[in-house]
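Protein chains: 2
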Amino acid sequence: MSIQGIDPRTGSPVGAPVPVTPPEPLLAAAAGAFGVFKATTPGVRAELLTLLADRLDAAASSLVPLAVAESGLPEARLTGELARTSAQLRLFASVVTEGAYLEAILEDADPSATPPRPVLARWLEPVGPVLVYAASNFPFAFSVLGGDTASALATGAPVLVKAHGSHPGLSAAVAALASAAVADAGLPAGVFGIVFGDDEGVTALKDPRVKAAGFTGSTTGGRFLFDVASSRSDPIPFFGELGSINPAVVTPAAVAARPDEIVSGFVGSFTLGAGQFCTKPGLLFLPAGHGLSFGPAVAAVAPAPMLNARIADQLASGLTDLSSHPGVAEVASGPDAPAEGSWASPRLFITSTDAFDPSLTEEHFGPAALIVEYQDENDLFAALSTIEGSLTATVHGEPGDPFPVARLLSVLSDRAGRVVWNGWPTGVAVSWAMSHGGPWPSTTNSAHTSVGATAIRRWLRPVTFQSMPDDLLPPALQAANPWKIPRRE
Amino acid sequence: MSIQGIDPRTGSPVGAPVPVTPPEPLLAAAAGAFGVFKATTPGVRAELLTLLADRLDAAASSLVPLAVAESGLPEARLTGELARTSAQLRLFASVVTEGAYLEAILEDADPSATPPRPVLARWLEPVGPVLVYAASNFPFAFSVLGGDTASALATGAPVLVKAHGSHPGLSAAVAALASAAVADAGLPAGVFGIVFGDDEGVTALKDPRVKAAGFTGSTTGGRFLFDVASSRSDPIPFFGELGSINPAVVTPAAVAARPDEIVSGFVGSFTLGAGQFCTKPGLLFLPAGHGLSFGPAVAAVAPAPMLNARIADQLASGLTDLSSHPGVAEVASGPDAPAEGSWASPRLFITSTDAFDPSLTEEHFGPAALIVEYQDENDLFAALSTIEGSLTATVHGEPGDPFPVARLLSVLSDRAGRVVWNGWPTGVAVSWAMSHGGPWPSTTNSAHTSVGATAIRRWLRPVTFQSMPDDLLPPALQAANPWKIPRRE
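Written out as structure tokens, the structure reads:
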């Protein structure tokens, strides 16, 4: 068995097929490496992350063309995405060095407490080997050396990546670079591994040596794997980022103040990267009688290749269903797409809150969106109450807006991990304050983010040492604080 | 249908039966109260927690006798446990007021970042209504107003308690007190509710208005409920604290230095509260030839009532299996227990690493434990590698101990949430640095604690506001920092 990369622009094979990988040796190596890797200093892990970033940057000229050929995404976008990916590795190097992520807490004894308190020292330790499922839509940033891998390695957890079948050649090349960096950093080979093959990935997920998993992909695939992880005899946390409809709401005042910006911003956002972003705004709520015309802006967007034939087929069949939904009409579309390969053109649909139902809140992965016209605020809030969790929610309003904006933000913050004001949700900064997560089905676990510094918390568990002699404590908890990390004490 | 309290000392009914509760009105009330409760200031929530603590303390003289009658636990223990429970409510009042638990992060825009960063503000919001399953073994501290309830209310999450069937009268009395406090605090009734009945509890767990659940109890019961929570069409986090064997290891040097202390400390710990602590040390690893005699200490421990007849029956049948395991012998036992009611006497067994297998690592809930004699360190580490996750692990060693203590601590910290040095694991302080959690099966989610200040993190999810005007941000994230909380900015 092997995995063949396909150029979605032409449907032709790219490079040699990559054989599937027996997971057993990789699992044994990861488990074997854990003791050594978790005991490394923050400095060693920061050096590894920085080395990975440097090597990735240095290999850009060979990796980007491979990514273009296997994903059909434009060279400029992939060049930027590679830079984002190395920046992300460097962010986690700084997170590790700073050390607040360890949540260290030292407490003196208090015999008068109820119950009496001994001397306690608490920090976070890595959970053990982590399995990372790479995504198709960000061949660098959510793939082999993406955010899940970077944040897990930062903790001292060995990582086993399940490569995405849409870019096997690129995955193998990045994995080779990563393994070389691990070796050059003097760390055991089991710190990083890669497995090719869907069945092999499931075998790894069921293995007791794997202690947590991260995933970015479809709701169907993520739910299947979440169920595998949860039904193990020893269930493990599965952090899946699945589907998201990302509602955007425009108030009447915003339509009146910024009609052109709303049209161009929305069309730019839902068609960016051929609409293959988890944060694509899939629903736009507009006041009835808005008078906005989307036709010219949509018609100006060129057709683009989808990541693979399956995604293109699912988009086409999903939009056929959407078109035939009572009360839904197509309001704008782009130029015809080429017949060869897996291309798609932008398509925009429209309905009203009267015809709105939960079937219209399903994500269509690709350059498609649905406008929902509302009559008044009651109407809007009723429709919003039927929408499941999303990664993002967006509001366009004005200063002194007569619309109940505060209530709108409260309702939307219950349903989304990021609430955007007068912007668009595509474009996810990699930083301390970012959250990329949200209630089901946008993730399997709304308590965490998969982007940004705090994504590291997913791979950690608290351990408290009671009455432990100073020299037997981990350095992070010793009286002298040799790592100079922030602590509560 | 109704739930009848039974005095385990006599087998006789206590008080009137408590009817099972239809969950629908409680679920509707909890969901309805969420918007108001989550928007309260920290001050309002701290006042509610303090009021609950005060009311609990004030009702001690009526509540403690009820708890004694329904649990068979001694009055002094329950008086102390009530004080621990009110102290826990007050701890969370201070956690809320201090505000670091909100993990607030403010970031300026950085157009030069890859990708560009807008102005971001992140904090943690409550997940929504929380379902709390009360435990039998701590009728105050892990029940109606126990740690799960206190930590969830602290966040602004309404709580629905599933009462434990072993103390229905006490549960109803504490719930009445809690509801009155909620009303007196001017909060909606749905902020606190209680449901009686196992089927009713499962109905509530399946309900989409419930967003997370906490549980303390058996591995079988916890696994069943974890599976219910995980197999919902919208899975929710289920924080279960299940079974734990809590291994303790004594080095040869410690045996030589402190033989009497080790015998009396261990026997005191495994028989405390009739061995009905989640943190009871169930396995004691001793060097072969230790020469310790446990007979007199065990014989001096009086029989005690078990919490209910089911627990007493399971202990008896479990110990019958243990006695018949090849290579296991009974080494000490207590005086005969009374025939009426549900009493048990302490029993201590012994085996060696040669005969040790995973069936011997199962928890026997009650005053029973197993000594495992090891020949050398290889022998010991091989045996430890077969033990599943625990809440605690204990090491007794000496200064300059020739035993590989550092390696032992590293191995044990992978398997337990709290590592105790030269003490015993029963007795769980309620404080900032405590961790009460551990790998499966000791919990369903090793990333969190159910005791101590950081237990609050279980009921929270991050939300980031992007480019949001200051007056539309939650107060915690506004420039003026009106709540005066610590923030990363």
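Taken in order, these protein sequences are the chains called A and B. Under this note's numbering, the first residue of the first sequence is numbered 87, with each subsequent residue one higher. Under this note's numbering, the first residue of the second sequence is numbered 87, with each subsequent residue one higher. By construction, the Cβ of each residue, glycine as well, lies at the ideal position given by its N, Cα and C atoms. Nothing here was measured: the structure is a model prediction, and the numbers come from that model.
- One alpha carbon belongs to P111 (chain B), the other to S229 (chain B), and they sit about 22 Å apart.
- In the structure shown, S355 (chain A) falls within a helical segment according to DSSP collapsed to helix, strand and coil.
- In the assembly as shown, G503 (chain B) is a buried residue. Its beta-carbon has 16 or more other beta-carbons within 10 Å.
- Residue contact with chain A for S532 (chain B): present (Cβ-Cβ distance below 8 Å to some residue of chain A).
- In the DSSP assignment, S553 (chain B) falls outside any alpha helix (DSSP H) and carries neither an H nor an E.
- Of the residues A:P274, A:T96, A:F224, A:G255, the one whose Cα lies closest to the Cα of V245 (chain A) is A:P274.
- At a cut-off of 8 Å between C-beta atoms, W569 (chain B) does not count as an interface residue with respect to chain A.
- Remark: C-beta atoms of V336 (chain A) and V384 (chain A) do not approach each other more closely than 8 Å.
- Using a Cβ-Cβ cut-off of 8 Å, R344 (chain B) does not count as an interface residue toward chain A, since no Cβ of chain A sits closer than that to its own.
- Scanning its chain for C-beta atoms nearer than 6 Å, with the 5 sequence neighbours on each side dropped, one finds no residue around A425 (chain A).
- For K124 (chain A), the three-state secondary structure derived from DSSP is helix.
- Around the beta-carbon of A519 (chain A), 16 or more other beta-carbon atoms lie within 10 Å, marking it buried.
- Under the three-state reduction of DSSP output, F435 (chain B) falls in the strand class.
- Counting along the chain, no beta strand (DSSP E) covers E161 (chain B); the unbroken alpha helix (DSSP H) around it starts and ends at 161-184.
- Here A267 (chain B) has L137, L138, R141 as same chain residues with Cβ atoms under 6 Å from its own Cβ, once five neighbours each way along the sequence are excluded.
- The alpha helix (DSSP H) runs lying completely inside the region 221-298 of chain A and spanning 4 residues or more are 233-241, 254-270, 284-292, given in chain order.
- Listed by position along chain B, the residues whose Cβ is nearer than 7 Å to that of W526 (chain A) are D320, P321.
- DSSP places A469 (chain B) within a helical segment (H, G or I) once states are collapsed to three.
- By the beta-carbon neighbour count (other beta carbons within 10 angstroms, threshold 16), G413 (chain B) is exposed.
- In this structure, the alpha-carbon of T289 (chain B) lies about 13 Å from that of I280 (chain B).
- By the rule that beta-carbons nearer than 8 Å mark a contact, L206 (chain B) touches chain A.
- Beyond the five residues adjoining it in sequence on each side, D143 (chain B) comes within less than 6 Å, by CB distance, of S172 in the same chain, given in chain order.
- Beta-bridge pairing by DSSP links I89 (chain A) to A:V104.
- Of all residues in the region 416-432 of chain B, none has a C-beta nearer than 7 Å to a C-beta of chain A.
- The alpha-carbon of D196 (chain B) is positioned some 13 Å away from that of V514 (chain A).
- With contacts defined as CB atoms closer than 8 Å, G308 (chain B) and L328 (chain B) qualify as a contacting pair.
- Taken through DSSP and simplified to helix, strand or coil, L393 (chain B) comes out as coil.
- Sequence-ordered contacts of the region 211-243 of chain A with chain B read E211, V213, G214 [C-beta pairs closer than 9 Å].
- Residues of the region 120-132 of chain B with a Cβ closer than 9 Å to any Cβ of chain A, in chain order: F120, G121, K124, A125.
- In terms of Cβ geometry, L217 (chain B) and E156 (chain B) do not form a close pair [threshold 8 Å].
- Close to chain A, meaning a Cβ-Cβ distance shorter than 8 Å, are the following residues of the region 298-321 of chain B: F312, D313, S316, S317, D320, P321.
- Residues of the region 482-502 of chain A whose Cβ lies closer than 8 Å to any Cβ of chain B, in chain order: P485, V491, A492, L495, S496, S499, D500, A502.
- Under the three-state reduction of DSSP output, D500 (chain B) falls in the coil class, being neither helix nor strand.
- Bridge partners of S476 (chain A) according to DSSP: A:A502.
- About 13 Å separates the Cβ atoms of F380 (chain A) and V341 (chain A), ruling out a contact at the 8 Å cut-off.
- Per DSSP, the unbroken beta strand (DSSP E) holding V336 (chain A) starts and ends at 333-336.
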